[in-house]
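Position 232 of the sequence shown, counted from 1, bears residue number 232 in the working numbering, the numbering being contiguous throughout. No residue lacks a Cβ here, since even glycine has one placed at the ideal position from N, Cα and C.
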Amino acid sequence: MTTTKPAFLNFRVDHMTLLLQPALYNVAYVLFKTVLGVGPDELLYDKRKEWVPGEGEQSMTYAVRLGHGADDPKLTNTIIAVVQPSEPAGQPSHVRTMLDSHEAAAHWQHIALRTPDLLAFHQHALERGVNFITPILKDDDENLIQVFSGEWFFPGTKPSGVFFEFLQRDPSDQTVARLNDQNRKWFRDETFLGLYVEKEREYQSGAVRPFIDDALFKQLHERVGGKKIWEIDDAALASAEALMMEYAKSQR
Ligand SMILES: [Fe+2]
1 MTTTKPAFLN FRVDHMTLLL QPALYNVAYV LFKTVLGVGP DELLYDKRKE
51 WVPGEGEQSM TYAVRLGHGA DDPKLTNTII AVVQPSEPAG QPSHVRTMLD
101 SHEAAAHWQH IALRTPDLLA FHQHALERGV NFITPILKDD DENLIQVFSG
151 EWFFPGTKPS GVFFEFLQRD PSDQTVARLN DQNRKWFRDE TFLGLYVEKE
201 REYQSGAVRP FIDDALFKQL HERVGGKKIW EIDDAALASA EALMMEYAKS
251 QR
């Protein structure tokens with residue numbers, strides 16, 4: 001049986017973001033080039049920052065394209081974005097914290113899922129109690145709009161460093177105008193507060209937003225935590241969804 005669902009829930013993987021400890025970062029670059037065949041035109045970007053004046057630029061992140069489809073290369077890319085903790089040793093870094101707290105050299109941080117209608121998906125998710133750490137942002141360099149979810153962890157545990165990005169490429173002028181309207185407060189002082197800055201703020205404050213509130217998690221866990229996956233039937237799903245919508249409404 002085929003299920004019908006709204007087009008905005010038809011996601012494609014846009015890219016995946018991998019955190020690497022500095023000792024692996026440059027070696028990985030070589031491995032992408034030599035083993036995975038990343039060509040000269042497939043380094044999509046390479047972002048740098050001089051943290052300490054006079055000490056020179058550090059590489060913060062680069063993205064590589066590992067392949068693309070034939071018919072619509074722009075929307076069928078296989079992309080990995082790589083991030084290292086580039087801050088000086090004495091300076092806090094949420095990327096370092098995410099890696100160190102997993103005792104990991106590498107950590108898959110987020111998968112970016114592309115939807116044809118980000119505004120519709122965003123509304124759908126908000127109505128079900130999903131937390132986002134930013135409003136919908138317009139990427140300065142690329143023609144896309146994006147939003148970042150809270151992390152997947154549960155009450156009483158450390159944040160996992162795992163979350164989702166949801167994005168839409170080539171949004172219409174109308175969509176962008178609607179966002180500018182909604183985001184007026186966020187963009188006060190003309191400051192672009194992107195994912196990196198917001199994540200750093202969360203990790204330094206110790207208050208990392210979960211994907212859904214602890215209270216909602218507990219309610220859902222009470223209902224389905226004791227079941228086997230195959231026992232979570234349509235009726236259970238419908239009542240869980242109703243609970244989420246009720247919860248979200250009460251928080252508004
Ligand atoms: Fe991303």
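query: DSSP three-state assignment for residue 49, whether helix, strand or coil; result: strand
query: Three CB pairs or more closer than 8 Å across the stretch 191-205 and the stretch 167-177; result: no
query: Pick from 114, 100, 233 that is closest to residue 159, judged by C-alpha positions; result: 100
query: Range of the contiguous alpha helix (DSSP H) that encloses residue 153; result: No alpha helix (DSSP H) contains residue 153, which DSSP labels as neither H nor E.
query: Meets three-Cβ-pair contact criterion under 8 Å: the stretch 204-211 and the stretch 148-165; result: yes
query: Residue 17 CB to nearest heavy atom of ligand 1 below 8 Å; result: yes
query: Cβ pair residue 46, residue 165 closer than 9 Å; result: no
query: Residues sharing a beta bridge with residue 212, DSSP; result: 130
query: Residue ranges of each beta strand (DSSP E) within the stretch 91-145, 3 or longer; result: 106-114
query: Span of the beta strand (DSSP E) around residue 252; result: Note, residue 252: premise wrong, no beta strand (DSSP E); not H, not E.
query: Residue nearest to residue 134 in terms of C-alpha spacing, selected from 182, 106, 4, 54; result: 182
query: Limits of the alpha helix (DSSP H) - the one that residue 27 falls within; result: 22-34
query: Cα-Cα separation, residue 201 to residue 94; result: 9 Å
query: Residue 98 classed as buried or exposed, judged by whether at least 16 other C-beta atoms fall within 10 angstroms; result: buried
query: Expected contact under 8 Å - CB spacing of residue 116 and residue 8 to nearest Å; result: 6 Å
query: Bridge partners - residue 80, DSSP secondary structure assignment; result: 16, 64
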